[in-house]
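2 protein chains.
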Amino acid sequence: MIEGVKQQKWWGWGEDGKSYSHHDKPKFAPFVKKMVGVDITAAVPPSPRFDDLEVPASQLGEGLRGELVAILGEEFVQTDDETRVVHAFGKGVRDLMRVRAGQLGRLPDVVLYPGSQAEVERLVDAVIAADGVLIPFGGGSNIVAALEAEPGETRQVVSVNLGRLSRVLEIDESSGLAHIQAGVFGPDMEDQLNAQGWTLGHHPDSFVWSTLGGWIATRSSGMQSDKYGDIADIVRGLTMVMPGQVLTLRPLPSSSSGPSVREMVLGSEGRLGIITSAWVNVHRLPEVRELQSYFFATYEDGLKACEQIMASDAAPMMARVSDAVETQYIMANGKKSSRIGSLSSKAIQKIMEAKGWDLEKIAMSFVGFEGSPTHVRYEKGLVSRIVKANGGISVGKGPGTLYDQKKYDTPYIRDFMLDRGLICDVSETTTPWAYAEQIHTNTVARFQKAMDEIGVRGVVFCHLSHSYHSGACQYFTFAIADDSENQMATYDVAKRVIQQSFMDNHGTVSHHHGVGEEHSPWMDQDISPAGVFIQRKLFDGVDPGHHLNPGKIIHEGRPGISSNSQDA
Amino acid sequence: MIEGVKQQKWWGWGEDGKSYSHHDKPKFAPFVKKMVGVDITAAVPPSPRFDDLEVPASQLGEGLRGELVAILGEEFVQTDDETRVVHAFGKGVRDLMRVRAGQLGRLPDVVLYPGSQAEVERLVDAVIAADGVLIPFGGGSNIVAALEAEPGETRQVVSVNLGRLSRVLEIDESSGLAHIQAGVFGPDMEDQLNAQGWTLGHHPDSFVWSTLGGWIATRSSGMQSDKYGDIADIVRGLTMVMPGQVLTLRPLPSSSSGPSVREMVLGSEGRLGIITSAWVNVHRLPEVRELQSYFFATYEDGLKACEQIMASDAAPMMARVSDAVETQYIMANGKKSSRIGSLSSKAIQKIMEAKGWDLEKIAMSFVGFEGSPTHVRYEKGLVSRIVKANGGISVGKGPGTLYDQKKYDTPYIRDFMLDRGLICDVSETTTPWAYAEQIHTNTVARFQKAMDEIGVRGVVFCHLSHSYHSGACQYFTFAIADDSENQMATYDVAKRVIQQSFMDNHGTVSHHHGVGEEHSPWMDQDISPAGVFIQRKLFDGVDPGHHLNPGKIIHEGRPGISSNSQDA
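Residue numbers (UniProt numbering), protein chains in the order written: chain A, 1 to 568; chain B, 1 to 568.
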């Protein structure tokens with residue numbers, strides 16, 4: 001590990017020693033038992049031991065090593081086993097299953113930690129000259145297999161960790177723009193911005209363990225995107241190191257200068273170069289920030305309310321609504337002592353029952369407001385009328401505040417579940433509003449049918465997470481009880497039916513996780529074969545030797561999901 | 001001409017028989033006289049006569065003609081002289097000067113009017129198979145030389161007029177999306193949408209004479225973009241016919257599916273294919289729509305107010321402010337009987353004088369509001385406070401309403417002026433807010449210096465036209481008194497210093513007019529050589545034979561502005 005560069009545990013999400021706990025959440029174990037039949041209170045095997053892994057040796061040649069050491073210094077050219085294993089994967093559940101099973105795939109031969117853009121330029125040229133493969137690495141939180149070399153890659157594989165490029169370089173206070181290095185992690189960046197009274201307002205679930213460069217390379221979106229925009233809106237200019245040249249896009253609010261090169265770099269997942277810095281929209285910290293909580297009789301009522309909020313004069317910073325099962329999950333995850341726990345309190349329950357609601361079908365919603373006290377009051381009034389018109393009730397600020405505090409802890413639960421033979425993952429999509437209900441109903445049904453056919457127990461739930469004028473993102477979480485040898489195949493079936501359901505119900509392959517290898521089999525259906533043709537021409541034209549993270553987005557061989565499942 | 005397909009006059013803007021008039025505008029002639037020394041009341045030469053042109057013969061071969069007739073029918077394969085001349089140019093002032101002088105350049109050999117997407121598919125393949133060149137044509141309002149074949153093009157040149165593809169195909173009322181054919185003109189489209197209670201909200205100056213497909217191909221922006229977005233935001237899906245295949249991007253509110261193919265088609269100016277339809281965001285007609293007018297002591301105060309409006313909780317649908325000279329121009333253009341004329345009325349003048357304002361420096365502003373009556377009142381209150389904080393005064397709704405009615409008539413003035421030896425044109429750019437004042441001051445100064453050096457009289461004025469979180473578009477209009485043989489060279493100097501000033505002051509080549517050949521010399525400076533490299537690889541990969549509107553955006557030979565000026 002390099003001082004000052006955060007690194008996740010090799011076998012799971014986040015910080016070493018930190019994990020999910022169900023203590024003080026008395027309803028959680030019964031909820032899991034009811035949903036998938038697993039007793040999470042039973043004893044579990046100990047954490048995987050690094051010493052049990054068989055780590056293939058680095059294939060870095062002495063020639064390239066010498067050049068890289070000359071550019072970066074010995075300390076920043078790492079070939080030790082743990083560093084290479086950490087950089088071999090993202091944190092998709094497929095990655096977690098494989099690394100736990102000791103299936104390491106094609107590890108990088110070296111991990112580099114450049115300390116300046118000039119060093120990135122020099123290392124890119126050195127690696128290309130040596131016919132190597134370059135894979136940029138941010139926080140390592142990717143869940144679509146965008147960080148892994150191709151199986152059987154014979155060239156030297158170089159992972160480039162941008163973690164030392166972590167400074168907010170400049171804030172243009174008049175324009176509300178900041179120039180920030182690409183390797184900065186979310187919390188560090190916000191600390192630097194907040195200290196000067198500013199915020200980016202970009203808060204993906206992965207916030208603690210992801211970087212600005214990673215957000216750009218994957219077209220990330222944060223929880224407050226309804227106000228602050230997706231990363232594609234936030235990024236106004238950027239610098240990307242390419243073989244032999246540097247792309248410099250100056251910060252511009254808008255431009256008509258041909259096909260957007262900015263929008264080609266966004267989502268490029270390392271296939272065009274290594275992003276080293278970006279100019280991003282930043283905002284003054286809001287005077288007031290409030291998350292208001294509501295309940296609806298059903299998820300469909302909640303969807304309808306969100307659609308109407310988007311068509312109204314109100315512009316909240318977030319609007320989120322969970323389906324019935326996710327609502328049960330949230331309430332089961334509430335601490336005994338917390339207000340989420342008390343949501344099912346007699347008083348609220350009585351109101352719901354009085355309204356004739358089926359408590360198994362209720363949908364919980366959070367709507368966020370920011371601005372002056374007057375503005376927040378005004379917008380809350382607009383939203384409140386829409387909530388009421390759709391039969392919803394307000395339950396105040398408590399649950400939203402708690403959600404806000406705990407929002408980044410969710411990913412830890414996957415490791416906890418995997419320890420107990422439960423495969424958990426997420427898939428998200430957007431559709432026009434007209435198909436929002438349909439894609440939810442059909443995706444849940446197809447997942448359940450597929451699990452029934454295999455004969456395993458599984459559960460899927462969902463929330464609407466981001467809204468747009470013409471539609472919304474729905475974010476599905478699924479859990480499958482399978483600790484057999486067929487675990488990976490079971491997962492593949494689940495992932496496959498969900499992604500195909502997205503395609504069949506007017507959705508896209510991903511709203512903000514990217515394509516990687518995991519989603520590449522659906523690209524033809526998503527953007528049509530001609531769209532894939534255009535992307536391929538772009539990649540082949542810029543990188544004819546396929547040195548830049550080859551195989552991602554457009555896969556020339558076996559597509560990721562089949563490929564990996566056959567490897568397993 | 002084809003029935004149902006609008007066509008502009010061959011020698012100027014818009015409808016035959018319609019022109020600018022200064023009658024009933026007693027202050028206009030003195031204003032022009034004062035600014036550039038030209039007496040616009042003097043007698044003018046008669047309009048150009050088509051019969052005076054020497055029109056080169058069509059080089060369409062019998063083979064290709066036969067195939068095209070088989071696909072489209074005789075009526076929709078036009079090779080007559082006037083049709084070919086109309087389709088040879090856009091309406092840039094360079095185009096107008098050349099066509100008036102009988103310098104026709106490389107005319108298209110044939111103009112096609114397909115009636116369906118299937119016909120577009122068949123004609124594209126036929127033209128490519130015959131090694132021809134395809135140039136898509138919408139309303140013909142382009143001002144950056146994007147519609148003209150390369151001088152000396154030896155292959156058959158085919159202009160494809162999309163005007164028969166003019167229907168709103170479908171409105172998805174739940175999603176606020178409409179599927180619309182690309183050849184529809186602005187007013188026809190709004191009529192079709194309004195009839196069902198909807199609007200696109202996209203109102204560029206060229207609205208009457210431009211089409212949906214043209215807006216997409218050039219990254220257009222309308223006057224209400226602060227609310228409705230640039231066309232890049234509005235377009236959610238599209239269909240584009242490419243050689244041998246059709247690109248189909250389904251309507252999606254947002255997506256993370258690699259480099260954005262949608263954003264590659266936007267601004268592609270015919271270099272990737274022919275756009276045949278698009279899915280666009282549409283909105284319910286607003287309950288209330290108001291344009292409020294304000295005055296500031298100086299343009300700089302007005303800029304500051306717009307910047308603060310964007311940083312505030314208010315979100316008006318437009319905010320526009322004119323510099324001192326443009327304010328004088330607007331007032332000079334007011335009809336004797338109109339309220340704009342009365343703006344300089346004693347009462348308002350007295351208020352301004354009481355505030356110590358220099359009446360030569362005042363800046364006029366329009367801010368637009370839409371929504372429920374409550375919402376409009378709320379936002380007007382927020383804006384009003386910002387206007388006051390910057391020393392501005394409100395003068396009510398009158399001037400804005402009048403501006404709104406006349407907003408599409410401005411382009412006719414260029415022909416009127418050209419008749420009188422005055423070259424008029426526009427150039428627009430965006431910068432971050434931090435450089436808004438600087439780019440205005442420097443561009444005006446450099447233009448004046450350049451005109452002084454040549455020894456001609458010229459005037460340039462400007463308004464802020466579109467606002468974003470991080471900056472704004474400023475739209476410059478210039479007029480030069482030169483009816484000599486050096487007219488074109490004089491124009492080139494003016495255009496060149498303005499564009500170079502944009503580059504030197506943190507601006508972009510264009511905010512919404514596109515690149516064409518006119519702006520291609522500045523692309524290296526705008527998006528860096530690596531950005532041009534990426535665009536070139538995209539074009540070359542998709543169209544290796546350079547059949548699709550070659551020479552636009554990236555020019556392989558002499559860049560447009562020099563090229564055309566040497567032709568002149």
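For glycine and all other residues, C-beta sits at the position ideal for the given N, C-alpha and C. Remember, it's a predicted structure, so these values are computed and weren't measured experimentally.
Tell me where the beta strand (DSSP E) around E181/B begins and ends.
Sequence inspection shows Gln at residue 181/B; the Glu mentioned does not correspond to that position. Start and end: L177 to Q181.
Counting only beta-carbon atoms, is Y468/B nearer than 8 Å to chain A?
yes
L212/B CB to nearest chain A CB: under 8 Å?
no
Of all Cβ atoms in chain A, is any one closer than 8 Å to the Cβ of R236/B?
By this cut-off, R236/B is an interface position.
Helix, strand or coil at D425/B [DSSP, three-state]
strand
If we ignore side chains and look at the alpha-carbon of each, how far apart do G341/A and R457/A end up?
Here the model assigns G341/A a pLDDT of 49, short of 50, so the residue's position is not dependable and the matter cannot be decided.
Within chain A, the residues that N161/B reaches when beta carbons sit closer than 8 Å
Going along chain A, no residue has its Cβ under 8 Å from N161/B, so there is no contact; the nearest lies around 23 Å.
I'd like to know whether the C-beta of P521/A is nearer than 8 Å to at least one C-beta of chain B.
no
Measuring CA to CA, which of N281/B, D409/B, I216/B and S254/B is closest to S259/A?
Position check: residue 259/A holds Pro in this sequence, whereas Ser was assumed. Closest by alpha carbon: I216/B.
Are I309/B and A319/B close, meaning C-beta to C-beta below 8 Å?
yes
With a threshold of 8 Å between beta carbons, is N505/B in contact with chain A?
no
Using a Cβ-Cβ cut-off of 7 Å (strictly less than) and excluding sequence neighbours within five positions of Y329/A, which residues of its own chain qualify?
F31 and F461
On the premise that V99/A lies in contact with I423/A, defined as a C-beta separation below 8 Å, what is that separation, rounded to the nearest angstrom?
No, I423/A and V99/A are not in contact; Cβ-Cβ is about 14 Å, not under 8 Å.
At a cut-off of 7 Å, is C462/A close to the ligand HEM when judged by its beta-carbon and the heavy atoms of the ligand?
As presented, the structure is devoid of all ligands, the ligand HEM included, so that no description of it is given.
Please list, in chain order, all residues of the same chain as S312/A whose beta carbon is under 7 Å from its beta carbon, the five residues on each side excluded.
So the list reads L382 and I386, once near-sequence residues are dropped.
On the criterion of 16 or more Cβ atoms from any shown chain inside 10 Å, does K537/A qualify as buried, or is it exposed?
buried
Spatial distance of residue 599/A from P251/B (CA atoms):
Residue numbering for chain A in the displayed model covers 1 to 568; residue 599/A lies beyond these limits and cannot be assessed.
Helix or strand or just coil, what does DSSP make of G341/B?
Residue placement at G341/B cannot be trusted, given a pLDDT of 49 that sits under 50; what the coordinates show is reported in the next sentence. Helix at G341/B.
Going along the chain, which residues of the region 439-464 of chain A sit with their C-beta nearer than 8 Å to a C-beta in chain B?
none
Of all the alpha helix (DSSP H) runs that stay within the bounds of the region 260-294 of chain B, which reach a length of 4 or more residues?
262-265
Please state the DSSP three-state secondary structure of G391/B.
The answer is coil: DSSP assigns G391/B none of H, G, I, E or B.
Can you have a look at T154/A and say buried or exposed, based on whether 16 or more other CB atoms are within 10 angstroms of its CB?
exposed
Reference S206/A, options T410/A, I180/A and E67/A, closest by Cα
Nearest option by C-alpha distance: T410/A.
Residue range of the alpha helix (DSSP H) that L96/B falls in?
V93 to R100
What's the call for E74/A, buried or exposed, on a 16-neighbour Cβ count within 10 Å?
Under this definition E74/A is an exposed residue.
Between E82/A and Q8/A, what straight-line distance do the alpha-carbon atoms span, to the nearest angstrom?
11 Å
Taking the C-alpha atoms as reference points, what is the distance between H283/B and L200/B?
So the alpha carbons of these two residues sit roughly 6 Å apart.
Beta-carbon neighbours of K537/A, restricted to chain B and to distances below 7 Å
Those within 7 Å of K537/A in chain B are L538, G541 and V542.
Can you tell me whether DSSP reads G371/B as helix, strand or coil?
strand
Starting from the C-beta of E269/A, find all residues in its chain whose C-beta is less than 8 Å away, skip the five residues before and the five after it, and write them out in chain order.
Within the same chain, E269/A has close Cβ partners A146, A217, T218, G514, V515, G516, N549, K552 and I553.
Any chance you could list the alpha helix (DSSP H) runs of at least 4 consecutive residues sitting entirely within the region 481-567 of chain B, in chain order?
Here the runs fully enclosed are 487-504, 523-542 and 560-567.
Using C-beta distances below 7 Å, list every residue in its chain close to F447/A, excluding the 5 sequence neighbours before and after it, in chain order.
G458, V460, F478, A494, V497 and I498
Within 8 Å (strictly less), CB to CB, does K473/B reach chain A?
Note on residue identity: the sequence assigns Cys, not Lys, to residue 473/B. By this cut-off, C473/B is an interface position.
Do you know whose CA, among G176/A, M264/A and R271/A, lies nearest P253/A's CA?
G176/A
If the cut is a Cβ gap below 9 Å, which residues of chain A does A42/B touch?
Ordered by position in chain A, no residue passes the 9 Å Cβ test against A42/B, which lies about 38 Å from the chain.
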